[in-house]
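Visitor: Numbered per UniProt numbering, the sequence shown spans residues 1 to 335.
We treat Cβ as the ideally placed atom computed from N, Cα and C, and that holds for glycine.
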Amino acid sequence: MQTGTTLTQFIIEEQRHIAGATGDFTALLNDLVTAIKTISNAVNKGALIGVMGALESQNVQGETQKKLDVITNDIMIRNNEWAGHLAGMASEEMDEVYAIPTRYPLGKYLLVFDPLDGSSNVDINISVGTIFSILRAPVPNRAAAMEDFLQPGVKQVCAGYALYGSSTMLVLTTGHGVNGFTLDRDIGEFILTHPDMTIPVDTKEFAINASNRRFWEAPVQRYVEECLAGKEGPRGKDFNMRWVASMVAEVHRILTRGGVFMYPRDTKDPSKPGKLRLLYEANPMGFVVEQAGGAVSTGYERIMDIQPEGLHQRVPVILGSKNEVETIVSYHKEV
Ligand code: P6P
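1) Report the start-end ranges of each beta strand (DSSP E) in the stretch 250-321 that is 3 residues or longer and not cut off at the edges.
2) Check whether the Cβ of MET247 sits closer than 8 Å to any heavy atom of ligand 1, and report yes or no.
3) Cβ-heavy atom distance between TYR263 and ligand 1 below 8 Å?
4) Going by DSSP in three states, PHE181 sits in which element: helix, strand or coil?
5) Classify TYR104 as buried or exposed, calling it buried when 16 or more other Cβ atoms lie within 10 Å of its own Cβ.
6) Suppose contacts are defined by Cβ-Cβ distances below 9 Å. Is ILE131 in contact with MET262 by that definition?
7) Please indicate yes or no: does the CB of ASN212 lie closer than 8 Å to some heavy atom of ligand 1?
8) Just the C-alpha distance for ASN80 and LEU28, rounded to the nearest angstrom, thanks.
9) Which one of TRP216, MET285 and ILE318 has the shortest CA to CA distance from ASP269?
10) So PRO264 and PRO316 are supposed to be a Cβ contact under 8 Å. How far apart are they, rounded?
11) Spatial neighbours of PHE25 within its chain, please: CB distance less than 7 Å, with the 5 preceding and 5 following residues excluded, ordered by chain position.
12) As a quick exercise: from LYS272, LEU163 and GLN291, pick the residue whose alpha carbon is nearest that of ILE39.
13) Our contact map puts TYR109 next to VAL157 with C-beta atoms below 8 Å; I'd like the distance itself, whole angstroms only.
14) Can you list the beta strand (DSSP E) stretches of 3 or more residues lying completely in the stretch 160-217, in chain order?
15) Kindly list the residues whose CB is nearer than 7 Å to the CB of ILE77, restricted to its own chain and excluding five residues on each side of it in sequence; keep chain order.
16) Leaving aside the five residues before and after GLY4 along the sequence, list all residues of the same chain whose C-beta is less than 6 Å from its C-beta, in chain order.
17) Using C-beta distances below 6 Å, list every residue in its chain close to VAL60, excluding the 5 sequence neighbours before and after it, in chain order.
18) Determine the contact status of ARG242 and ALA207, defining contact as a CB-CB distance below 9 Å.
19) Taking VAL251 and MET304 to be in contact with their CB atoms under 8 Å, please state how far apart those CB atoms are, rounded to whole angstroms.
20) Give the single residue among GLN65, HIS176 and ALA137 whose Cα lies nearest to the Cα of PRO115.
21) Counting C-beta neighbours from all protein chains within 10 Å, is the total for HIS176 16 or more, i.e. buried, or is it exposed?
22) Smallest Cα separation from THR6: which of ILE187, LEU48 and ILE328?
23) For the alpha helix (DSSP H) that contains ASP24, what are its first and last residues?
24) Spell out whether any CB of chain D is found under 9 Å from the CB atom of VAL70.
25) By how many angstroms is the C-alpha of VAL325 removed from the C-alpha of GLN9?
26) Inspect the beta-carbon positions of ILE318 and VAL224 and report whether they are closer than 9 Å.
27) Fully enclosed by the stretch 65-126, which alpha helix (DSSP H) runs are 4 residues long or longer?
28) Out of GLN291, GLU13, LEU86 and ALA159, state which residue places its alpha-carbon closest to the alpha-carbon of THR102.
29) Contact defined as beta carbons within less than 8 Å: I believe GLY258 pairs with THR203. What is the distance between those atoms, to the nearest angstrom?
30) Should GLU334 and PRO219 be called a contact, given that it needs their Cβ atoms to be closer than 9 Å?
31) Ligand 1 heavy atoms versus the CB of GLU281: any closer than 8 Å?
32) Using beta-carbon positions only, say whether ASN73 and ALA159 come within less than 9 Å of one another.
33) When you compare only the Cα positions, how much space is there between PHE287 and ALA83?
34) Looking only at DSSP bridge pairs, what is PHE132 linked to?
35) Apart from the five residues on each side of it in sequence, which residues of its chain come closer than 7 Å, Cβ to Cβ, to ASN212?
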């Protein structure tokens, strides 16, 4: 039986688009895919192998770590540290940059990731995911310093996510559109099932954690009120609302049928300009969404243009269907 296009075949063809990419890039993505398959297996087995529940520890965000947060972080490290494609790694689960052990060669890329985004959903069996971003090391083959990771989103070579849902999917971009692959467990390969994913420019669906309403800034308050007013209101159409509390699931829904996702700046904690992290959530998801024809903003500026100031920097995130995001941005401009 003829198998569809595998991810490996696709990557080799994609590599031809990337200036200066050699087999290194293909091999790096293949190591990343091995990590993702291993994580999928661990997440899928869940309670059967005792990986549920929380640890006593907290991550740099001050969030209680789940067993799977640490397990999946280790899987990403172990599968990507040895092959000589990376000059360093950074993760939501590690305070500092991960230095490649001296027993391994160094390479020309940086890998930044959230190993298990939405992990609080694991115990209730709701989809979670891995988010990844690949940057060029400013100085190849030299151990990367923290500053080397502080590159704006427009510098990403590749970005994407794995979604561990009813099926395991891998969605990625190298700057030439967005393509989705589904894991065929019978042959252990990701197969191209969602070529050229594109976000509709209009939508009737928005996603926001409405329990934070009293903390939102005026433009977001205005936009959500107008959505709730439905077709009798200024937007002239009824809206539906979703909130999964798993960014990967929200973004995948938007790639599949449109929508807008908001985790805006709020006054709940003035020290935090938003909840989501720039380097390993907003930027990789921003690259994917923009490549699929969507828009990604803080409300005040394009996220992919932001010059990062720290590994774990947070930003407000408004992303999705282009016309809807532009409406929200226009409300911010009127303030
Ligand atoms: P809240 C998961 O912890 C996450 O980082 C995103 O995946 C998700 O969109 C958001 O936080 C959910 O936040 O405040 O609704 O729990």
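Guide: On the basis of the supplied data:
1) 260-263, 295-297 and 317-320
2) yes
3) yes
4) strand
5) exposed
6) no
7) yes
8) 7 Å
9) TRP216
10) 5 Å
11) GLN15 and ILE18
12) LEU163
13) 7 Å
14) 168-173, 178-184, 189-194 and 205-207
15) MET89 and TYR98
16) ILE191 and LEU192
17) ASP95 and HIS312
18) yes
19) About 15 Å; that fails the 8 Å criterion.
20) GLN65
21) exposed
22) ILE187
23) 23-45
24) Annotation note: the requested chain D is absent from the structure, which comprises a single protein chain.
25) 35 Å
26) no
27) 67-80
28) LEU86
29) 4 Å
30) yes
31) yes
32) no
33) 26 Å
34) PHE113 and GLY160
35) ASP266 and LYS268
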